[in-house]
Amino acid sequence: MEEESDLNPLKPAGKHHTTNETFATAELIRNPSRKPQTRSSKCLVYILLALVLQSIALLIFGLVVLRIKTPTLQLSAAAVKDLHYDPTSLNVTVVAEVRLHNMNFGRFKFRGGNTTFLYENATVGVTAIYDGGVGSREKREMSVSVKVMASDRQLSDNSVDFSRDVDSGLIKLRSLAKLKGEVRVVKIINRHTTAVMDCTMALNLTGQAIQDLLCQ
Numbered sequence: 001m002e003e004e005s006d007l008n009p010l011k012p013a014g015k016h017h018t019t020n021e022t023f024a025t026a027e028l029i030r031n032p033s034r035k036p037q038t039r040s041s042k043c044l045v046y047i048l049l050a051l052v053l054q055s056i057a058l059l060i061f062g063l064v065v066l067r068i069k070t071p072t073l074q075l076s077a078a079a080v081k082d083l084h085y086d087p088t089s090l091n092v093t094v095v096a097e098v099r100l101h102n103m104n105f106g107r108f109k110f111r112g113g114n115t116t117f118l119y120e121n122a123t124v125g126v127t128a129i130y131d132g133g134v135g136s137r138e139k140r141e142m143s144v145s146v147k148v149m150a151s152d153r154q155l156s157d158n159s160v161d162f163s164r165d166v167d168s169g170l171i172k173l174r175s176l177a178k179l180k181g182e183v184r185v186v187k188i189i190n191r192h193t194t195a196v197m198d199c200t201m202a203l204n205l206t207g208q209a210i211q212d213l214l215c216q
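Residue 206 in full-length UniProt numbering is what sits at position 206 of the sequence shown, and the numbering runs on without skipping anything.
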C-alpha cells in the first residue's frame, strides 16, 4: 500500500488551468507587445483620417468661401418719360433700375461712380451713383434718372446716322458704369475689385419705350 501511494502522489492544491488559458499565457509571453501595437495602429488610422477630412474641409472653405468674385452690375429695367424729338435733336429722360449682385461671402463696399449713356461714341447723358454697399450674397437695386440730350451740333461726326435713326423711329443707345470697391471676407481678406456695366438698348420714339435691353 505504501508503494501505491508513492506511485500516485496527490496533486497540489491550486488553480486548474485550461488548455486555452495556457495557450493564451504562452502567446503573451512570446508576444508581450501585441495588444499595444494593435491599439497604436488604430489610433494612427483615426488620426490620418481626421487630417484628411480636415484638409478637405479647408480646401472647400478656400475654394468656396474665400474665393473673391467680381460683383455684377447691369440695368434690370428702363423706362422713358418727357420725350421730345425732331429730325435734328433728341431730349428724353431715361429712368433705369441698376442691379448690383454680390456673389461673395463678404460685404462689397463701393465708392460712387457715374452711369453714362452713349449714342455711337458720343456721350449724351450722365448721372451719378452714390457710395454704398451690398451684403454677402445679396442684390441691390438702385434707381437712376438720366437726362439724354442729342443734337446735330453735338453729333457732328454722326449727324447723318442720327437723322436716319430718328426717321426709323429707333435710337440705339449704350450705357456704361463702373463701381470701384472692396470685398471683405471673414474680416481677414480684403480684395479690391470693380463692378462693370455695359448694356445696349433701343429707344423706341413712336412707342416711347426702351426695348432690346441687353447687358454683357
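Glycine included, C-beta positions come from ideal geometry on N, C-alpha and C.
Rounded to a whole number of angstroms, what is the C-alpha to C-alpha distance between S5 and S41? For S5, the predicted structure reports a pLDDT of 49, less than 50, and the residue's modelled location is therefore unreliable. The matter cannot be settled from this model.
Give me the Cα-Cα distance between A79 and G181, rounded to the nearest whole angstrom. 28 Å
If you count every other CB in all the chains shown that lies within 10 Å of the CB of A209, and 16 or more means buried, which is it? exposed
Nearest to L176 (by Cα), restricted to the options D152, A150, Q154 and V146: V146
Which residue comes first and which comes last in the beta strand (DSSP E) that contains F110? G106 to F110
Given a cut-off of 9 Å, decide if R99 and M142 are closer than it, judged by their beta-carbon atoms. yes
Roughly how many angstroms lie between the CA atoms of Y46 and Q54, to the nearest whole one? 12 Å
At the level of alpha carbons, what is the spacing between Q211 and V126? 20 Å
Please go through the same chain and pick out, in chain order, the residues whose beta-carbon is closer than 7 Å to the beta-carbon of V124, but skip the five residues on each side of it. F117, L118, V148, M149 and A150
Does the Cβ-Cβ distance between G112 and V186 come in under 9 Å? no
Would you mind sorting N121 into buried or exposed? The rule is 16 or more other CB atoms within 10 Å of its CB. exposed
Which of the three DSSP states, helix, strand or coil, is assigned to D157? coil
At which residue ranges does the segment 123-209 contain complete beta strand (DSSP E) runs of 3 or more residues, listed in the order of the chain? 132-134, 138-151, 170-185 and 189-204
Taking only the alpha-carbon atoms, compute the straight-line gap between D198 and L75 and give it to the nearest angstrom. 9 Å
First and last residue of the beta strand (DSSP E) that includes N114? G113 to Y119
Test item: CB-CB of N102 and V144 under 9 Å: no
Under 9 Å between the Cβ atoms of Y85 and L205? yes
Please determine, among S89, L48, I56 and E97, the residue with the shortest C-alpha to C-alpha distance to R164. S89
Cut-off 7 Å between Cβ atoms - residues of its own chain near Q216, not counting five sequence neighbours on either side: D198
Measure how close the beta-carbons of T72 and A195 come, nearest whole angstrom, since I'm counting them as under 8 Å. 7 Å
Of the residues L66, L49 and V160, the one placed nearest S136, counting alpha carbons only: L66
With distances taken between CB atoms, is the gap from A202 to L170 smaller than 9 Å? yes
Taking a contact to mean a Cβ-Cβ separation below 9 Å, would you say V160 touches N104 in this structure? no
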